[in-house]
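K.L.:
Please see the structure below; I have some questions.
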Amino acid sequence: MRRIGVFVCSCGLNIAGRVDVQKVTDAAAGIPGVVHSENYKYMCSEPGQNLIADAIRQKRLDGLVVAACSPAMHELTFRSAAKLAGLNPYMVQMANIREHCSWVHRDEEQATAKATDIVRAAVEKVRRDQPLEPTRIPLTKKALVIGGGIAGMQSALDIADAGYDVVLVEKDATIGGRMAQLSETFPTLDCASCILTPKMAEVARHPRIQLAMCSRVTQVAGYVGNFTVQITQAPTYVDWEKCIGCMDCQERCPSRLPSEFDRGLGKRKAIGVDFPQAVPNRPVIKADHCLYLQKGRCGICEKICPVEAVDFQQQEKVWEEEVGAIIVATGFDVLGAEAFAEYGYGQYPDVIDSLAYERLNSSSGPTEGVIRRPSDGEIPKEVVFIQCAGSRDPDKGKAYCSKICCMYTAKHATLYRHKVPDGQAYIFYMDIRAGGKGYEEFVQRAVEQDGALYLRGRVSRVYEEDGKIVVKGVDTLAGENIEIAADLVVLASAVTPRTGARELAQVLKVPADQDGFYNEAHPKLRPVETVTAGVYLAGAVAGPRDIPEAVANASGAAAKVAVLFSNDELENEPLIAAVDESKCSGCLWCVPVCPFDAIEEKELIERVGSKEVTRPVATVNAGLCQGCGACSVACRDGAMNLKGFTNEQILAEVEALCLMTGSPE
Amino acid sequence: MSLKNMENQLIAEVKELLESGKVRGFVGFGRGYGMAESVPVFITDALDAEKLVLDPFCGMTIAKYVLERTPQAVGQTRRPLGILAKGCDGLALARLMRDRRLQPDDVYVVGFNCRGMVDAKKVRARLGLKVSGARLEGDQVHFETAEGPVTLSKDECLLDKCLACENPLPEDCQVLLGDDQDTGPVGHRDYAGVANLEALSPDERYRFWTRQFERCLRCFACRNVCSACNCITCSLEDREVEWLGKDTQLSEQFMFHFTRAYHVAGRCVGCGECERVCPVEIPLMLLNEKLMRDIRDLFGVCDPHVPRETEPLGEFNPEDPEGWREEDERA
Amino acid sequence: MTARESARCLGISLEELEDWQCCGAVFPLATDAIINLASPFRTLASAHQAGADLVTLCSGCLNVLRRTNKLVAADAEIRKKLEDFVEMKYAGERKVFHLLEVLRDETGFDQLQKKVVHPLDDVTVAPYYGCLLLRPAEDMAFDHPDKPVIMGEFLRALGAKPVSYPFQTECCGSYLSVSSVDSTRQAASAVLKSAQAAGAQWLVTSCPTCLYNLELAAESLDEPPRLVYFTQLLAHALGVDAYLEENGALAKNVMPEVN
Amino acid sequence: MKLSRDKLKSSFLQKVAEMSGEDIASCYQCGKCSAGCPLEAAMGILPHRALRLLQLGCEEEALNFDAVWLCASCHTCESRCPRGCDLSRVMEALRMIRLRGGQSPVHPQEVDEEILQRAPQQAIVSCYRKNIS
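Protein chains in written order, with our numbering: chain F, 36 to 700; chain U, 7 to 337; chain B, 201 to 459; chain Y, 631 to 763.
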């Protein structure tokens with residue numbers, strides 16, 4: 036017979052305000068098998084935990100029910116306390132009388148009765164709990180970082196500096212990501228390149244970082260500590276081993292195309308780099324625009340290359356890497372503002388998005404840092420910035436706030452005034468969200484010192500008239516409609532996940548929200564983890580982030596990886612599914628319902644009469660199983676059970692609840 | 007081709023199969039105790055092939071008989087067992103294979119294009135006569151009775167499952183008897199019973215099912231005959247976990263029938279055997295059809311009774327929205 | 201008249217609905233103003249009885265009928281009330297088209313082009329959509345609410361040169377021309393000026409109220425674009441107007457001369 | 631202006647919400663409706679103010695908001711609104727409440743004869759429907 040202790044927490048007034056904790060404690064004492072029952076104001080506090088430890092020792096308890104909050108909150112706390120006192124941590128059961136009871140009920144008598152029933156059910160479960168031991172699995176101390184922007188680079192550097200190898204996969208030909216496109220950064224206005232390019236160089240020469248450029252992660256198998264990752268590298272048509280980066284090829288290439296890096300404002304060559312500071316400083320051929328690859332003519336680059344590095348025959352390359360942890364840092368895109376025809380984006384060349392404006396500002400950009408409008412190269416004297424272009428717009432755009440636009444728009448207006456002192460910047464805004472350190476001051480400086488005129492309201496129409504871009508908006512503070520004949524209009528388009536982020540989420544088995552941003556394991560307490568163990572998030576993949584946040588995030592994720600790698604073996608959560616092979620009929624309906632691909636078929640050899648026969652049964656991969664229980668629900672013959680939550684235990688709980696002895700008449 | 011001709015072809019075929027050792031045995035129908043009744047037979051001797059019959063009374067779905075005689079079950083070498091299969095047997099065999107209780111080479115299927123089978127109960131009720139034989143012709147069935155020939159329309163005398171049958175020809179047969187002309191559906195599943203049931207108020211429905219389940223003897227015949235109920239150990243007889251109490255309280259009766267229905271939900275092939283074998287005539291197909299229709303409507307599966315590789319209730323899809331979407335709630 | 205003859209010329213058979221009545225001119229926006237739906241409902245139900253879909257030549261009618269049709273199909277409660285009131289059964293079975301849609305989807309603008317006998321040789325025409333054809337976009341599903349193309353394509357088929365100008369989807373002031381002439385004049389002038397600035401010689405519309413409002417505004421402008429109804433252009437291009445003239449049709453139907 | 635719970639939960643607000651079918655609280659006063667309104671100049675007060683007055687529970691002010699008579703139901707506001715709120719329906723609700731209360735800005739006998747002669751039927755019918763109870 037189990038010796039069970041019940042510990043009822045008042046949680047200050049959180050529970051005691053609605054539930055008569057003493058009554059619950061007394062009722063618990065009467066349940067068969069309960070040899071100890073007490074309550075305390077804060078069971079999770081140190082004195083509270085000591086009460087539990089003392090009781091375990093003195094009363095030789097071998098099962099605990101802690102009637103308190105949600106297991107998500109403190110199950111780990113009480114398991115650790117039990118373990119310290121010598122009890123198997125899996126002999127602890129939380130009875131959630133806070134979220135499930137005191138917080139959602141008004142009537143004290145009924146709430147008390149319900150709390151008692153919840154405790155009774157938990158006792159019945161603990162009575163059937165079995166001590167569980169974690170299994171141990173080896174791990175590969177090498178990390179994969181997906182995305183070579185500022186977040187990915189930071190993660191890679193931190194992990195590499197901690198002494199572990201990193202594979203950094205980047206889809207483009209250079210690392211640097213979005214930040215490489217920026218001119219200056221808020222709120223300090225230091226130049227993005229000045230702080231980014233040294234980091235890029237550091238990543239490139241770090242002996243523990245292996246770069247996989249022009250590459251994508253196409254398959255992921257395995258589980259935390261033991262992932263097998265397939266990487267697919269697109270052909271660059273240049274042998275980077277041979278190439279010395281002289282860029283003669285770029286110089287001589289006759290084919291030009293709009294530069295994606297410059298948001299279409301400038302041109303690039305069919306062979307070459309995105310920008311002069313690219314890392315690695317190696318050219319690629321854009322196959323769609325290469326005269327040789329398209330029409331079989333030209334081939335100048337091949338002829339003039341001093342080291343014969345051009346290789347038109349190069350093929351896609353696919354290889355596998357074994358890694359123990361994965362950090363996703365795929366960053367963001369901006370919403371195609373074409374959805375907002377009223378802003379004239381795509382229709383008028385002088386309506387551009389904010390990334391394009393960054394390129395206009397950049398000294399390595401198409402105008403070498405002079406603000407010129409795209410249509411005729413004139414210096415614009417009246418510039419209108421439209422914030423929330425697609426953000427906070429559930430009807431046609433995105434419901435969420437893109438978070439970074441308020442700040443970069445203030446920066447844009449400031450930089451504009453610095454470069455065009457006699458120009459005027461107008462900013463249509465909804466609310467200014469400047470919550471970071473020095474942010475509010477920065478916005479105020481844009482208003483007071485740099486003369487940005489903030490207009491509180493949205494723009495409804497943008498159209499061309501007499502060579503000007505007419506912007507019709509409103510200033511709701513004045514209660515007046517506003518019309519501005521502008522030279523340039525800049526849209527702060529909504530931040531969205533990178534194209535392809537959803538597909539990658541499926542490959543990684545990480546859930547994403549409706550907008551395609553990846554979900555954190557817990558939005559507050561586990562912001563850089565995902566529900567898939569061993570997969571971490573850094574930067575804008577989980578939502579709009581500015582640079583300091585993305586970097587902090589990236590270091591956080593790297594720290595999680597370093598902690599993981601500090602173990603020589605991994606302890607596996609024992610609360611996983613297990614198959615009773617004698618009952619398993621081998622239908623394997625559990626396989627397709629498993630979100631983690633943790634169930635496989637195995638051949639079971641059995642004796643029937645005098646003969647040996649084989650039959651298929653299910654088997655659970657302990658490394659992959661996350662204990663979600665979907666398989667045990669799909670299993671008709673009851674062969675699949677989740678340890679710690681067996682069918683028998685759950686039925687016992689249900690039965691205890693059905694008695695409803697705690698209920699008032 | 008008439009059933010009589012197919013019967014001759016069947017006998018010749020089975021004789022050859024057994025003589026050549028291609029099959030270990032054969033499951034088909036033989037003459038029953040009364041004249042208008044054919045019962046399953048299992049033969050292993052080529053000489054017994056003559057005992058096989060194929061007439062309008064071979065309505066039972068016999069696929070599950072194979073299960074107890076698979077190589078796994080009897081510990082024998084992998085030599086297939088022959089079976090005579092109508093459309094519903096074909097679906098039942100597919101069910102067993104999808105549930106991996108049967109390998110394709112465990113069976114040797116002799117199929118035929120079934121144009122519907124006679125419901126002996128309906129005939130008795132309608133004619134009240136001793137029927138000695140029957141012949142299908144178009145939409146009609148001609149009976150030989152002690153008082154001379156009588157003709158009924160198919161609607162009046164076929165099994166319910168045949169009137170709802172859209173898959174009369176078994177797929178994946180090794181041999182097909184007759185020629186496969188006129189392979190269109192015999193009937194159509196219109197879920198009329200489900201609609202009637204849904205027209206009742208929740209209270210009326212509760213009373214209806216109470217009246218039905220009260221009668222249950224918990225004989226398990228419905229489970230035993232069902233090709234979708236094919237677990238090695240039935241969870242309802244689990245000794246460690248008492249899913250189902252042994253007493254005959256109404257709540258336990260409900261528990262039994264709901265569990266049965268949910269365990270076959272999305273997997274029922276609509277053969278109607280459960281209802282046919284029920285000694286107290288509980289309309290179990292009504293429950294099965296309700297779930298079938300819901301699966302059809304909720305998951306957009308047009309033929310929920312046909313086993314398929316990925317089943318709507320047996321799949322994890324990361325695209326599934328978390329929680330309910332507004333549209334779902336409205337629908 | 202112009203439309204019917206043009207349609208005949210294109211092989212579309214249009215039948216005038218017997219005993220037709222006004223659609224009510226505006227779609228009632230208050231959720232409880234069901235009575236105002238009775239008249240469009242009756243029109244739709246009559247068309248259903250006659251076994252035909254409805255074609256309108258007017259943006260306003262299209263707006264009212266199409267929205268009523270959608271509402272009736274979607275809202276059983278309102279449908280029941282209307283059915284009881286009008287004593288006709290109708291559940292949104294029929295479709296409501298604008299003639300432009302019929303020309304685009306049934307005839308095809310390329311086929312229309314082949315039938316043109318008097319091409320509007322390179323006259324620059326400003327298509328004017330206004331509100332009712334396009335908005336609310338979800339109900340009307342007529343064309344892109346901000347970047348519509350159908351009239352431009354129509355004009356091109358007739359040999360004209362459509363001009364693009366920012367005010368093509370702005371409101372002309374609508375029925376305010378009866379109660380508040382000045383505000384209409386202002387709104388309609390903005391449209392005309394915008395078309396004028398884009399170099400339009402003519403401006404084409406598909407709504408009588410728009411036409412009227414624009415005519416009012418044109419009075420106070422120097423050399424405003426000529427205002428025409430789209431069916432007039434159609435009839436002229438197809439050479440139907442000569443026929444109409446012979447049959448003593450109204451002078452109003454006849455095309456203005458090109459400047 | 632004094633605010634109170636009673637004011638913010640009045641039956642009048644309920645009525646406007648029901649008649650318009652729109653969620654008044656969804657408006658965050660970005661003014662995009664006003665910025666695009668083709669008749670805003672004639673209205674004098676920007677139309678988004680109507681929603682604000684309702685959010686503040688100002689029954690009297692909302693019912694004196696004469697810009698409602700100048701709304702042409704052109705739905706430009708609706709097509710621009712990021713919150714999917716149809717201001718023209720709210721305008722109609724306010725208009726209907728006033729019409730049903732016996733107010734009418736237009737009197738058939740006072741309409742200019744010349745307008746009645748020239749204007750198309752459609753315009754006249756529409757105007758009467760919107761402005762006469």
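Even for Gly, the Cβ is constructed at its ideal location relative to N, Cα and C.
1) Buried or exposed for U/L70, please, with buried defined as at least 16 other CB atoms from any protein chain shown within 10 angstroms of its CB.
2) Is the beta carbon of F/Q265 sitting closer than 8 Å to the one on F/V353?
3) When the Cβ atoms of the region 363-379 of chain B are set against those of the region 698-706 of chain Y, are three or more pairs found closer than 8 Å?
4) Which whole-angstrom value is the C-beta distance of B/F367 and B/A395, which I expect to be below 8 Å?
5) Please report the Cβ distance between F/F463 and F/R493, rounded to the nearest whole angstrom; I am assuming they are in contact, meaning their Cβ atoms lie under 8 Å.
6) If you measure from the beta carbon of F/E500 to each beta carbon in chain B, is any gap under 8 Å?
7) Could you tell me whether the Cβ of F/C622 comes closer than 8 Å to any Cβ of chain U?
8) By the 9 Å beta-carbon criterion, what residues does the region 414-433 of chain B contribute toward chain F?
9) Quick check: F/F600 and F/K118, are their CB atoms within less than 8 Å of each other?
10) List the residues of chain F that U/W339 touches, going by C-beta distances under 8 Å, in chain order.
11) Mapping DSSP to helix, strand and coil, what is U/F35?
12) Taking C-beta to C-beta, are F/I325 and F/R287 nearer than 8 Å?
13) In or out: Y/I762 buried (at least 16 other Cβ within 10 Å) or exposed?
14) Just reading off the beta strand (DSSP E) that U/G134 is part of, what are its end residues?
15) If you follow the beta strand (DSSP E) that B/W402 is in, where does it begin and where does it stop?
16) Are U/L73 and U/V20 closer than 8 Å when you measure CB to CB?
17) Roughly how many whole angstroms lie between the Cα atoms of U/V275 and U/V312?
18) For F/A669, return the contacting residues in chain U, with the cut-off set at a CB-CB distance below 7 Å.
19) Under a CB-based cut-off of 8 Å, is B/T202 close to chain Y?
20) Interface residues of chain B around Y/N761 at Cβ under 7 Å?
21) Let me know if U/G31 comes out buried or exposed under the rule of 16 or more other beta-carbons within 10 Å of its beta-carbon.
22) Hey, F/R419 and F/V524: beta-carbon distance below 8 Å or not?
23) Counting only beta-carbon separations shorter than 8 Å, does F/E703 have a partner in chain B?
24) Report the rounded CA-to-CA distance for Y/A665 versus F/I414, giving the unit in angstroms.
25) Could you compute how far the alpha carbon of F/I39 sits from the alpha carbon of F/A90?
26) Find the residues of chain D that neighbour F/D430, judging by a C-beta separation of less than 8 Å, and give them in chain order.
27) Can you look up F/K352 in the DSSP assignment and give me helix, strand or coil?
28) Whole alpha helix (DSSP H) runs in the region 351-380 of chain B with 4 or more residues, listed along the chain?
29) Output the distance between the C-alpha atoms of B/G399 and B/T324, rounded to the nearest integer angstrom.
30) Quick one: list the residues of chain F neighbouring U/R107, beta-carbon separation under 8 Å, in chain order.
31) Please classify F/A589: is it buried, with 16 or more other beta-carbons within 10 angstroms of its beta-carbon, or exposed?
32) Whose Cβ in chain U lies nearer than 9 Å to the Cβ of F/C629?
33) Quick one: grab the DSSP three-state call for F/T302.
34) In angstroms, rounded to a whole number, what distance separates the CA positions of Y/Q685 and F/H453?
35) Report all residues from its chain with a CB closer than 7 Å to the CB of F/I194; omit the five preceding and five following residues, and keep chain order.
36) Of all the CB atoms in chain Y, is at least one closer than 8 Å to the CB of F/R427?
P.N.:
Taking the structure as given:
1) Looking at the sequence shown, residue 70 of chain U is not Leu but Lys. Flag for U/K70 reads buried.
2) yes
3) yes
4) 7 Å
5) 6 Å
6) yes
7) yes
8) none
9) no
10) Nothing about residue 339 of chain U can be reported from this structure: the residues present for chain U run from 7 to 337 only.
11) strand
12) Note on residue identity: the sequence assigns Cys, not Ile, to residue 325 of chain F. Result no, Cβ atoms of F/C325 and F/R287 do not sit closer than 8 Å.
13) exposed
14) Taken as a continuous stretch (DSSP letters only), U/G134 belongs to no beta strand (DSSP E), as it is neither H nor E.
15) 402-405
16) no
17) 6 Å
18) G320
19) no
20) S379
21) buried
22) Sequence inspection shows Val at residue 419 of chain F; the Arg mentioned does not correspond to that position. Yes.
23) Nothing in the structure corresponds to residue 703 of chain F, since chain F is present only between 36 and 700.
24) 27 Å
25) 10 Å
26) You won't find chain D in this structure, because its protein chains are F, U, B and Y.
27) strand
28) 376-379
29) 7 Å
30) S620, G621, C622
31) buried
32) F322
33) The question names Thr, but residue 302 of chain F is Lys in the sequence shown. Three-state DSSP puts F/K302 in a strand.
34) 42 Å
35) A178, V201, A593, V596, A597
36) yes
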